[in-house]
Every structure is written in structure tokens, then in C-alpha cells.
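Scroll down for the structure; my scribbles are underneath it.
2 protein chains.
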Amino acid sequence: MKLTLDALTVLDAIERKGSFAGAAEVLFRVPSTVTYTVQKLEDDLGFAIFKRVGRRSVLTPAGQVLLEQGRQLLVAAQDVVASAHQVSSGWEAELNIAIDTVWDMQNIYPLLAEFQQLNSGVQVNISEEVMGGTLEAIIEHRADITLGGPPPVSPVQGIQFESIINAQWLFVVAQDHPLTTAPQPLTEQDARPYVSIVIRDSATQSPIRPHRSLGERPMLRVASMEQKIQAQLQGLGVGFLPRHKIQHLLDSGQLVALTIEIEAPVTQQYCAWRSTNTGRAAQWFVDKILAMKDL
Amino acid sequence: MKLTLDALTVLDAIERKGSFAGAAEVLFRVPSTVTYTVQKLEDDLGFAIFKRVGRRSVLTPAGQVLLEQGRQLLVAAQDVVASAHQVSSGWEAELNIAIDTVWDMQNIYPLLAEFQQLNSGVQVNISEEVMGGTLEAIIEHRADITLGGPPPVSPVQGIQFESIINAQWLFVVAQDHPLTTAPQPLTEQDARPYVSIVIRDSATQSPIRPHRSLGERPMLRVASMEQKIQAQLQGLGVGFLPRHKIQHLLDSGQLVALTIEIEAPVTQQYCAWRSTNTGRAAQWFVDKILAMKDL
DNA sequence: TAATAAGTTCGATATAACTGAACAATATGA
DNA sequence: TCATATTGTTCAGTTATATCGAACTTATTA
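Next comes the structure, spelled out in C-alpha cells:
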């Protein structure tokens with residue numbers, strides 16, 4: 011690797027100022043130094059960068075390519091330094107948060123707003139995952155923190171888990187649904203004729219496990235909890251929904267919770283983060299999230 | 011920019027060999043030089059890259075980021091040199107050929123095969139365009155050479171055009187189409203009831219001009235000449251097609267050419283290339299294409 | 001506890017990067 | 001047309017710095 015970033019800045023300056031002399035001036039060097047640098051680079055790379063035509067020098071095709079791509083290299087180099095510098099400040103360059111669809115996104119926005127006040131320079135990325143999705147995201151390093159989702163089947167090296175909330179699932183239907191007039195508690199037989207709304211698992215690798223489908227029944231697969239709530243609101247089907255995401259809909263009567271014989275378990279929702287290499291931002295979010303749990 | 015590619019190669023070697031001493035060995039330097047380089051880089055960048063723990067040094071988080079992204083920078087730098095070197099050999103690094111859909115792709119494959127024999131190292135990219143598409147592609151530097159398509163309305167700086175073939179358009183229908191029994195020459199009135207197959211213009215900017223649609227008639231828009239031929243073969247509609255692309259279908263009787271009163275003009279197909287900075291590959295292809303014209 | 005190995009410090013040295021003056025080539029303009 | 005400014009190159013001299021080697025510190029290990 012004979013190429014140096016310094017030589018590229020010289021090339022860049024030459025092209026921008028239109029002459030070796032101009033480049034020398036902006037770089038606080040002497041013209042002969044510029045000549046030296048260019049000649050050395052040409053010698054090292056083994057091809058001509060400038061075609062000397064009289065006193066003026068013009069880029070060869072190869073020189074044009076070198077300059078064009080070299081400029082991208084220079085900005086990339088600056089980005090690398092900036093990223094490393096950001097990390098050295100204790101704040102990560104980037105923080106990826108994977109949030110399970112059972113979580114109420116409304117809860118997270120105030121946290122994000124508060125975080126922005128810190129002017130940390132951290133690029134925060136939020137992704138919404140379903141079921142196994144959060145777990146997979148953090149294991150595959152696509153996420154630094156997960157909010158919601160199941161705990162790992164077996165402990166994972168370097169990842170810490172903490173239970174945050176107990177999602178209480180209710181069997182709900184739209185307000186004008188036929189099942190609202192059926193005698194409660196319902197049996198599985200009662201629910202069988204109606205379409206079951208199922209959230210498609212966003213985990214690509216984990217074995218498919220349809221969520222809370224009641225035996226073999228017609229299903230409508232949707233992509234997120236929000237879509238499932240909407241689908242059930244529209245009367246497209248029935249199914250279990252976490253109480254905390256639909257409380258206002260229950261209060262307004264748009265959705266009705268029915269008792270049913272089928273187990274409607276309380277699922278533990280977990281927060282996960284990497285115990286190694288935790289930057290300030292990850293630490294900040296984990297602290298805040300665990301504090302919210304105590305409320 | 012205090013960062014140097016040399017320092018990054020040192021970091022890379024340290025991490026790969028697991029020690030300063032190992033890095034020194036593979037780089038044919040003395041251990042103290044490695045220490046010096048690392049300390050200088052840390053000093054220049056203003057943050058610690060290694061945490062000295064006893065006699066062993068481990069990367070700080072910032073150091074990890076620097077190394078990780080620095081490695082990408084190193085391969086990028088090698089790519090830059092490789093590209094420039096390729097161009098300096100006279101062959102372009104890349105050659106983008108935009109081919110109009112009226113062209114028979116079969117004609118181009120032998121040319122590509124012959125070119126590969128040259129072992130030029132040029133990455134050839136073919137794209138298929140419709141109508142204004144080739145013109146737009148070369149003007150916007152997305153293509154270096156175009157095959158087929160219209161000439162420019164006004165001359166374009168730095169781009170040369172040459173007429174290559176005259177595409178002769180025929181009004182054709184499927185063999186069992188009702189129009190085959192109608193008295194010829196057909197009038198526009200005769201054709202009006204039938205769906206017109208129209209190729210969607212792939213040029214995004216140029217004003218939309220539906221190609222050869224006969225007045226206001228039901229249209230089926232397709233994406234390429236191949237699709238249009240298939241659509242007409244299936245009897246989905248009627249329209250003009252270039253003779254050289256359907257000759258075998260006319261011979262076999264699957265398509266039937268009908269005379270019609272509407273003008274069925276002979277359109278000039280043009281080859282275009284940039285007259286400035288023509289590398290060997292572009293020159294080679296242009297020469298071959300213009301030679302084919304004379305056959 | 002000695003021996004080994006790794007990393008650092010520091011003075012010396014060789015390499016390279018840079019400077020300034022002189023010069024050649026070309027454009028500018030009176 | 002010819003002087004004049006401008007540009008790029010050459011080259012000898014200077015400065016800076018990357019590298020080396022030896023001595024030393026600190027851990028690991030035998």
C-alpha cells in the first residue's frame with residue numbers, strides 16, 4: 011500500500027485550486043514540495059497522475075479516477091476518526107434499540123426526548139420486532155438493547171436479561187361482535203368459527219410459532235401489534251391482546267374483553283442488553299427502563 | 011486529518027498477531043517502532059487506542075471502532091489503487107452499456123464473449139432501456155455506450171452519435187386474430203376496437219410519449235420489447251413491432267403482418283458514446299458495433 | 001525465584017519530507 | 001514582438017521524523 015491520505019489531500023487541493031502553486035498555498039507548503047509529493051506518489055503507484063502539458067498539468071484518466079475515489083476515501087477517513095472520537099467520549103456512535111410490538115411505543119418517546127436533551131451525539135435507531143425478533147436482533151448484534159420480547163431459552167454469553175413488565179393478555183372482540191352475546195365463560199368451541207388474528211413472527215431463523223392461535227382455525231396474519239389491534243377493532247377477527255395497549259379501547263367500549271376457558275397467560279416481557287462494552291447511551295437507557303419497571 | 015493508512019496497518023497487524031511484538035515481526039520493524047507509531051497516533055487523535063494492562067495491551071472501545079472501520083478503509087484504499095491502476099492500463103475499470111429494447115440482445119452476446127477473451131479486467135454492465143432511456147442514460151453518465159434508441163433532439167456536448175440500423179416497424183397481430191380476416195389495407199377505424207400494446211418509457215425525466223398508440227384506444231403498458239412481443243403473441247393486443255426482432259415469428263406464422271393506412275415509419279437506431287475520455291473498452295465496443303452496421 | 005517475553009524509554013541514525021534559489025516553459029499584455 | 005508575470009521542475013541543503021538498538025520495567029511462566 012503505497013497510497014497515503016496526505017498525498018490524496020494534495021491531489022485534491024491541486025484539482026480544487028487548479029494549479030500546483032495554488033495547492034501549495036492552501037496547504038502552507040512550498041511549490042517544490044507539491045511537485046515532490048506528486049512525483050513520489052506517481053513513482054510509488056507506477057503510473058502517471060498528471061500529464062505535463064507545458065507549464066500546466068492535467069489529470070490523466072487514471073489520475074481522475076484516483077482523485078475521484080480518493081476524495082471519497084478522505085471523507086470516509088474523517089468519518090472513521092469522528093466515530094472513534096465519539097466512542098472515546100464514552101457515548102456510542104450508534105445505538106440500536108429493538109422494541110417488541112407488544113410494547114406501547116408511546117412509552118418510549120418521552121425517553122427519547124429526554125435522551126436528545128443530553129446532546130450525546132449518539133445516532134439512535136429504533137426497530138420494531140415481533141415475538142422472537144428482539145431476541146434474534148440482540149444475539150445477531152443488530153440491536154444493542156431490546157425492549158419486550160421473551161427471555162432466551164438458554165443463557166446467552168455476554169447478554170443480560172431483566173424482566174420488566176408482565177403483559178396481561180385478554181381475549182377481546184369488537185363491540186358489535188356476535189361473541190359478545192354468547193354465554194361466558196366461552197369455550198374453545200365457541201371461538202372456533204371466528205378468524206384468529208395472528209402476528210407474523212419477525213424472527214427469520216427461529217422455528218415458526220403462531221402466537222395464541224386457538225387450535226386449527228382460520229387465521230389472518232399481520233405484521234405488528236398495532237395492525238392486530240386495528241384488525242380486531244374492525245371486526246376482522248378475534249384474539250388475545252395485551253391489556254396495557256388496549257386499555258383506552260376497553261374503556262371507550264370499542265373493544266370488549268371476554269372470559270374464556272383457554273389459558274390466557276401472563277407473559278413476562280424482558281429487557282436485554284450486552285453486559286460487555288456498554289457505552290454511556292446503552293447504560294443510560296437500561297437504567298431508565300429498569301427504573302420505569304419499579305413504577 | 012492526523013490519521014494515516016500506515017498507522018492503520020500497524021493497528022491491524024497488532025490485533026491480528028495479538029501483540030506489539032508480533033506486529034513488529036510481520037511488518038519487518040522493531041518493537042519500539044510499533045510503540046512509537048501507536049503512541050503518535052493516540053497523540054494525534056487525542057484518545058487512547060490501547061489500554062495498557064500489565065505487559066499486554068487491549069483495545070479500548072474507541073480503538074475497536076477505529077480498527078474495525080479502519081480495516082474497511084484499508085480495503086477501500088486498495089480498491090482505489092486497483093481501479094486507478096486498471097484505468098492507467100488503458101482499460102476502463104467499468105463499462106456501462108445501455109441497450110434499447112428494440113435491439114435483439116442475441117446480437118450482443120457474441121460480442122461480449124469476444125470481449126471477455128481479451129482479459130481486460132473491465133467490469134461490463136448491461137442495462138435495458140426503452141425509448142428515451144438510452145439517451146437519458148448516457149447524458150446522465152449512467153452509461154458509457156448506448157445501443158439503439160433515438161438521436162438527441164439537439165447535439166449534446168461530448169457525446170457522439172452514429173446511426174446503426176433502420177428499424178422497420180410492422181403492424182402485426184396474432185395468427186388467429188379477428189383482424190387477419192378484415193380487408194386490407196386496414197384503417198385506423200378497423201384497429202380502434204382492439205387493445206394496443208405499449209412499451210412504458212424507461213426515461214424518468216423526458217415527457218411521456220406513448221409509442222405508436224393509435225389515437226385514443228385501450229392500452230396495455232408493458233416494460234420491454236420482449237414483453238410486448240409476448241403480449242401480442244398471446245393475442246392480448248395489437249401494435250407495431252420491429253421486423254428484425256420478429257422475423258422468425260412471421261416465418262412460422264405465429265404473428266401476421268398487416269398493411270395499415272397509418273404511417274409505419276422506419277426509425278433510425280443510434281449508437282452513442284462519449285467522445286472524451288474514451289478508454290480501450292469503449293473504443294473496442296464502438297468499433298465493433300459500427301463494423302456490424304456495415305454488414 | 002530465575003527465566004522468558006512483552007512493552008517502553010531514550011539516544012543515535014538513516015530516511016523522508018520540506019525549503020529556497022535557480023531555471024525552463026508558457027501564457028499575458030503593452 | 002518582447003518584456004513580464006506565472007507556473008512547474010530541479011537540486012543542494014535543511015529539518016523533521018520514522019526507525020533502530022540497547023537498556024530497562026513489568027508481568028507471566030517454568
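Protein chains in written order, with the numbering used here: chain A, 11 to 305; chain B, 11 to 305.
A virtual CB, placed ideally from N, CA and C, is assigned to each residue, including glycine.
Give the residues of chain A in contact with residue i, contact being defined as C-beta atoms less than 7 Å apart.
i	result
residue 14 (chain B)	14, 15
residue 91 (chain B)	13, 55
residue 76 (chain B)	90, 94
residue 10 (chain B)	Because chain B spans 11 through 305 in this model, residue 10 (chain B) falls outside it and cannot be assessed.
residue 103 (chain B)	75
Give the interface partners of residue i over in chain B, defined as CB-CB distance under 8 Å, in chain order.
i	result
residue 95 (chain A)	55, 56, 57, 72
residue 83 (chain A)	83, 86, 87, 90
residue 67 (chain A)	The contacting residues do not exist; residue 67 (chain A) stays about 16 Å from chain B at best.
residue 285 (chain A)	Those do not exist, as residue 285 (chain A) stays about 14 Å from chain B at its closest Cβ, beyond 8 Å.
Using DSSP's beta-bridge definition, name the partner residues of residue i.
i	result
residue 156 (chain B)	B:108, B:282
residue 161 (chain B)	Residue 161 (chain B) is not bridged to any residue.
residue 207 (chain B)	B:230
residue 171 (chain A)	A:282
residue 10 (chain A)	Residue numbering for chain A in the displayed model covers 11 to 305; residue 10 (chain A) lies beyond these limits and cannot be assessed.
residue 191 (chain B)	Residue 191 (chain B) pairs with nothing; no bridge assigned.
residue 277 (chain A)	A:177
residue 117 (chain B)	Answer is none; residue 117 (chain B) lacks a bridge partner.
residue 196 (chain B)	B:270
On a CA-only basis, which of the options is nearest residue i? Give me that one, please.
i	options	result
residue 53 (chain B)	B:14, B:102, B:78, B:19	B:14
residue 148 (chain B)	B:292, B:289, B:284	B:284
residue 95 (chain B)	A:207, A:156, A:55	A:55
residue 268 (chain B)	B:276, B:193, B:209	B:193
residue 289 (chain B)	B:121, B:100, B:273, B:205	B:100
residue 87 (chain B)	A:98, A:75, A:208	A:75
residue 210 (chain B)	B:295, B:198, B:110	B:110
residue 69 (chain B)	B:127, B:82, B:48, B:286	B:48
residue 158 (chain A)	A:93, A:169, A:152, A:140	A:140
residue 229 (chain A)	A:243, A:203, A:244, A:240	A:203
residue 166 (chain A)	A:198, A:145, A:249	A:145
residue 132 (chain A)	A:83, A:293, A:12	A:293
residue 184 (chain B)	B:273, B:113, B:164, B:263	B:263
residue 123 (chain A)	A:134, A:113, A:73	A:134
residue 260 (chain A)	A:37, A:181, A:117	A:181
residue 73 (chain B)	B:85, B:67, B:257, B:60	B:60
DSSP state of residue i, grouped into three classes?
i	result
residue 252 (chain A)	strand
residue 24 (chain A)	helix
residue 45 (chain A)	helix
residue 176 (chain A)	strand
residue 129 (chain B)	coil
residue 98 (chain B)	helix
residue 17 (chain B)	helix
residue 37 (chain A)	coil
residue 138 (chain A)	strand
residue 220 (chain A)	Residue placement at residue 220 (chain A) is poorly supported in this model, since its pLDDT is 45, which falls under 50; the coordinates still yield a value, given next. Correct three-state label for residue 220 (chain A): coil.
residue 166 (chain B)	coil
residue 103 (chain B)	coil
residue 50 (chain A)	helix
residue 244 (chain B)	coil
residue 290 (chain A)	helix
residue 29 (chain B)	coil
residue 150 (chain B)	coil
residue 262 (chain A)	coil
residue 143 (chain B)	helix
residue 12 (chain B)	coil
residue 57 (chain B)	coil
For residue i, go through chain A and note every residue whose CB falls closer than 9 Å to its CB, in chain order.
i	result
residue 289 (chain B)	71
Chain B partners of residue i, CB-CB under 7 Å?
i	result
residue 143 (chain A)	Near residue 143 (chain A) there are no residues of chain B at all, since even the closest Cβ is about 25 Å away, more than 7 Å.
Under 8 Å Cβ-Cβ, which residues of chain A neighbour residue i?
i	result
residue 130 (chain B)	Result: empty, since nearest Cβ-Cβ is about 15 Å, beyond 8 Å.
residue 262 (chain B)	Near residue 262 (chain B) there are no residues of chain A at all, since even the closest Cβ is about 47 Å away, more than 8 Å.
May I ask whether a heavy atom of the ligand ADP can be found less than 6 Å away from the beta carbon of residue i?
i	result
residue 81 (chain B)	By its list of ligands, the structure shown contains no ligand whatsoever, and the ligand ADP lies outside what it can speak to.
Just to make sure I have the definition right: I need the residues of chain B whose C-beta is within less than 9 Å of the C-beta of residue i. Which are they?
i	result
residue 29 (chain A)	The contacting residues do not exist; residue 29 (chain A) stays about 22 Å from chain B at best.
* Write down every uninterrupted run of the beta strand (DSSP E) in the region 59-87 of chain B whose length is 3 residues or greater and which is fully enclosed by it, in chain order. => Those beta strand (DSSP E) runs which fall completely within the region 59-87 of chain B and span 3+ residues are 60-63, 66-69.
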